[in-house]
Amino acid sequence: MEMVLSAAIGVLAASGIWLLLRPRTFQVIVGLCLLSYAVNLFIFAMGRITLGAPPIMPRGGFIDPTAYADPLPQALVLTAIVISFATTALFLVVMIASRGLTGTDHVDGQEREP
Amino acid sequence: MSLGPEHLIIAPILIPFFAGAMMLVYDERQRRAKLTISLIAVAATLLAAMELLVRSKGSELTGNNDIGFYLLGDWAAPYGIVLVVDRLSAMMLVLTGLLALPALLYAAAGWHRQGQHFHSMFQFLLMGVNGAFLTGDLFNLFVFFEVLLAASYGLLLHGGGQFRVRGGLHYIAINLTGSLLFLVGVSLVYGATGTLNMAQLSMMVPVLPEAQRPMFHAGAAIMALAFLIKAGIWPMSFWLPTAYMAGAAPVAAMFAIMTKVGVYVILRLSLLLFGAGAGASAGFGAEVMIAGGMATVVFGFLGVLASQGLGRMAAHLVLVSSGTVLAVGGFVLAGGGAQILAAALFYLLSSTLAISALFLLIEPMSREDGGIAALLALTADAYGLDEREEDRQPEVGLAIPGTLTVLGLSFGACVIALAGLPPLSGFIGKIGILQGLLAEGAETPALSWAFVALLILSGFATLVGLVRVGIQTFWATEGEPPKVLALEIAPVVALIALLIVLTIKADVTLGYMRDTAEAVLQPSIYAEGVLGAPRAAEGEASD
Chain L
62 MEMVLSAAIG VLAASGIWLL LRPRTFQVIV GLCLLSYAVN LFIFAMGRIT
112 LGAPPIMPRG GFIDPTAYAD PLPQALVLTA IVISFATTAL FLVVMIASRG
162 LTGTDHVDGQ EREP
Chain Z
146 MSLGPEHLII APILIPFFAG AMMLVYDERQ RRAKLTISLI AVAATLLAAM
196 ELLVRSKGSE LTGNNDIGFY LLGDWAAPYG IVLVVDRLSA MMLVLTGLLA
246 LPALLYAAAG WHRQGQHFHS MFQFLLMGVN GAFLTGDLFN LFVFFEVLLA
296 ASYGLLLHGG GQFRVRGGLH YIAINLTGSL LFLVGVSLVY GATGTLNMAQ
346 LSMMVPVLPE AQRPMFHAGA AIMALAFLIK AGIWPMSFWL PTAYMAGAAP
396 VAAMFAIMTK VGVYVILRLS LLLFGAGAGA SAGFGAEVMI AGGMATVVFG
446 FLGVLASQGL GRMAAHLVLV SSGTVLAVGG FVLAGGGAQI LAAALFYLLS
496 STLAISALFL LIEPMSREDG GIAALLALTA DAYGLDEREE DRQPEVGLAI
546 PGTLTVLGLS FGACVIALAG LPPLSGFIGK IGILQGLLAE GAETPALSWA
596 FVALLILSGF ATLVGLVRVG IQTFWATEGE PPKVLALEIA PVVALIALLI
646 VLTIKADVTL GYMRDTAEAV LQPSIYAEGV LGAPRAAEGE ASD
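Read top to bottom, the protein sequences are chains L and Z. Just so it is clear: in the first sequence, position 114 is 175 by the numbering used here, and no numbers are missing. Just so it is clear: in the second sequence, position 121 is 266 by the numbering used here, and no numbers are missing.
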């Protein structure tokens, strides 16, 4: 389980970083998406991996905290997903504007001299 | 729940938020109404910030340092999110307000007509900046960073054009990556310590189990990377000159505070988490801050010397300013003492105001076919800048007489303040830093001397670069002087007047800075204060 999760985070992050360094705006935006998936999984993993445990405790009485998942990283992931979704959408708009204004999808707005 | 004076702490966040949201309902043509709402909101925020500043001074009883708390949702401190106002954050709030008012007035002269929703985005930017200064929780800090960044993306693109869109594209890509780094750092810190409350973190660092310490350090370092990108440290500053140059004048003037948000967070967190009382973690990252800050100053002043246009020059001056404060922060973290930090805070205040004034001066100075205008037109050709400037409708409004004299005097004042020449406030800040370095330089004399040399060199380079542009613009012009509206020059004059007040009242300001520095160097005051903050429900029960 740990191996699978960490491998998934690693592969996503590596692909994201590679795409982020590419010269086309579309590659950059896909890279940012992959990177944000990796980060979201990473935040989730930082709350320790528990299987099938609920994050919310019932009211009253003594409760064994080890039987429950940490709710905080789950809340953080939710916030992070919403924010990165919104900013990625905004980036997409700027990307399309840049494509329209410059006529190229190069990140610098012009092709590199051959 | 009563609306007592303690609710003032959240006012610098709520006022811009409601003002910005309200203006979204107004039609784009009702600019006068929007401008009025905007001005009222900014003025109210500034007043609230000033009141918070007065309160944070406290009395003799509290050791001249009162920390205000605001428990959101009335959850006790380490569990809920807490807003904290102390001397440092109150000072930054006031600085934000002092920059926002002139920038808004300048925008009223024409810039707010160049695109949509200028005033709303401006208010949301203020909300994000103020929130980042006030929050006492790491994840909440992330949220406010995103608020201010989202608003800044919109503001940077305000006015449109190819140059802005391209600069904006780079700016957004860099900042999205920075935010992801921030998230990785925050989750590592949470994984190692189990808390995101800055006060609780500060208490936990000295007693952290040795096995967790490397992970905590890694998290803090990755998080710091995100703030350092915003502060524009070399080698992560290549996006900054283009982005600041691309922004419209009032936007660039407001962006002068954005690097300072990064610097503020770095100072606050490093002194809180890695101060002298942090046990095995004390002084973590000090070398990086000193080296990075010094490299930034070098990059900045070389950039000033190499720049062709005033815009690029001003953007590099932003780097010099934030690099200087970062390096001083490193020296303080390595055991530098309160005096040097106080001087650096004074320098931060003075240089931010001066850079903001300079950004507002650029456009009026380059309006006609003077030397700098020709230079800028050349740059505009090379970069494919749009011709919007020339197509603008003739402005209605009061034009001022003796334009070149007023512009020249304002520019001169900016040069003096930025280069650190007497008699303006830049000199006082720099001399304070130099004194502190030489007095306390016993530990790392070589580094201190190197930084002293850099400070003097950077001042000299600023002088050379800016004077060159000044000569071209004011002495080598022929023909009609540019037509500048009173509304455009008034904000610049106001900012310079603030610099003069800062100079005349230097003893008061420096005294405030000294107490601030001493309070910041004792993180236990902050930590114990926050964790002991009483809940409103408990207060009511005991009444």
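For glycine and all other residues, C-beta sits at the position ideal for the given N, C-alpha and C. Predicted model, so just to flag it, every value in this text is computed and none were measured.
Cutoff 8 Å: residue i Cβ touching any chain Z Cβ
{"i": "L:PRO170", "result": "The residue you asked about is not Pro; residue 170 of chain L is Gly in the sequence shown. L:GLY170 counts as touching chain Z."}
{"i": "L:ALA158", "result": "yes"}
{"i": "L:THR86", "result": "yes"}
Beta bridge counterpart(s) of residue i as assigned by DSSP
{"i": "Z:ASN342", "result": "Z:ASP282"}
{"i": "Z:PHE230", "result": "Here residue 230 of chain Z turns out to be Val, not Phe, going by the sequence shown. Answer is Z:GLY213, bridged to Z:VAL230."}
{"i": "L:HIS167", "result": "L:ARG85"}
Residue i at chain L interface by Cβ criterion, 8 Å
{"i": "Z:LEU328", "result": "yes"}
{"i": "Z:MET390", "result": "no"}
{"i": "Z:ARG533", "result": "The pLDDT assigned to Z:ARG533 is 46, lower than 50, so where the model puts this residue is not dependable, and the model offers no usable value."}
{"i": "Z:LEU314", "result": "yes"}
{"i": "Z:PHE444", "result": "no"}
{"i": "Z:TYR298", "result": "yes"}
{"i": "Z:VAL288", "result": "yes"}
{"i": "Z:LEU385", "result": "no"}
{"i": "Z:LEU676", "result": "no"}
{"i": "Z:PHE284", "result": "yes"}
{"i": "Z:LEU302", "result": "yes"}
{"i": "Z:ASP526", "result": "With a pLDDT of 47 at Z:ASP526, under the threshold of 50, the modelled position of this residue cannot be trusted; read the value that follows with caution. So no, Z:ASP526 is outside the interface."}
{"i": "Z:ALA518", "result": "With a pLDDT of 44 at Z:ALA518, under the threshold of 50, the predicted position of this residue should be treated as unreliable, though the coordinate-derived value follows. Answer no: the Cβ-Cβ gap between Z:ALA518 and chain L never drops below 8 Å."}
Local conformation of residue i per DSSP, three classes
{"i": "L:ARG85", "result": "strand"}
{"i": "Z:GLU535", "result": "With a pLDDT of only 42 at Z:GLU535, under 50, the local geometry of the prediction cannot be trusted, and the value read off the model is given with reservation. Three-state result, Z:GLU535: helix."}
{"i": "L:ILE117", "result": "coil"}
{"i": "Z:VAL575", "result": "The sequence given here places Lys at residue 575 of chain Z; Val does not occur at that position. Looking at Z:LYS575 - three-state DSSP - the assignment turns out to be helix."}
{"i": "Z:LEU301", "result": "helix"}
{"i": "Z:GLY273", "result": "helix"}
{"i": "Z:TYR171", "result": "coil"}
{"i": "Z:PRO679", "result": "coil"}
{"i": "Z:ALA519", "result": "Per-residue confidence for Z:ALA519 stands at a pLDDT of 42, beneath the threshold of 50, marking its modelled position as unreliable; the derived number appears in the next sentence. Note: Z:ALA519 maps to helix in three-state DSSP."}
{"i": "Z:ILE155", "result": "helix"}
{"i": "L:ILE110", "result": "coil"}
{"i": "Z:TYR389", "result": "helix"}
{"i": "Z:PHE429", "result": "coil"}
{"i": "Z:SER347", "result": "helix"}
Cross-chain neighbours of residue i in chain L, by beta carbon under 8 Å
{"i": "Z:ALA295", "result": "ALA147, THR148, LEU151"}
{"i": "Z:ARG613", "result": "Within 8 Å Cβ-Cβ: nothing; Z:ARG613 doesn't reach chain L, min ~29 Å."}
{"i": "Z:GLU291", "result": "ILE144, THR148"}
{"i": "Z:LEU647", "result": "Those do not exist, as Z:LEU647 stays about 37 Å from chain L at its closest Cβ, beyond 8 Å."}
Interface partners of residue i on chain Z, CB under 8 Å
{"i": "L:LEU81", "result": "ALA318, THR322"}
{"i": "L:PRO134", "result": "SER332, TYR335"}
Interface partners of residue i on chain L, CB under 9 Å
{"i": "Z:VAL274", "result": "Within 9 Å Cβ-Cβ: nothing; Z:VAL274 doesn't reach chain L, min ~17 Å."}
{"i": "Z:VAL406", "result": "Correct list: empty, because the minimum Cβ distance to chain L is about 17 Å."}
Amino acids of chain Z, ordered along the chain, whose beta-carbon sits closer than 9 Å to that of residue i
{"i": "L:THR163", "result": "GLN307, VAL310, ARG311, GLY529"}
Residues that residue i contacts on chain L, provided the C-beta gap is smaller than 7 Å
{"i": "Z:LEU325", "result": "LEU96, SER97, VAL100"}
Where residue i meets chain Z, residues with beta-carbon distance less than 7 Å
{"i": "L:PRO126", "result": "What L:PRO126 touches in chain Z: nothing, since even the nearest Cβ is about 12 Å away."}
Contact with chain A by residue i, beta-carbon distance below 8 Å
{"i": "Z:VAL675", "result": "Among the protein chains of the structure shown, namely L and Z, there is no chain A."}
Closer than 8 Å between beta carbons: that is the criterion. Which residues of the segment 138–154 of chain L meet it against chain Z? THR140, ALA141, ILE144, SER145, ALA147, THR148, THR149, LEU151, PHE152
Looking at chain Z, which residues of the segment 88–110 of chain L have a Cβ within less than 7 Å of any of its Cβ atoms? VAL89, LEU93, LEU96, SER97, VAL100, PHE103, ILE104, MET107
Could you please tell me which residues of the segment 251–276 of chain Z, in chain order, have their CB closer than 9 Å to any CB of chain L? none
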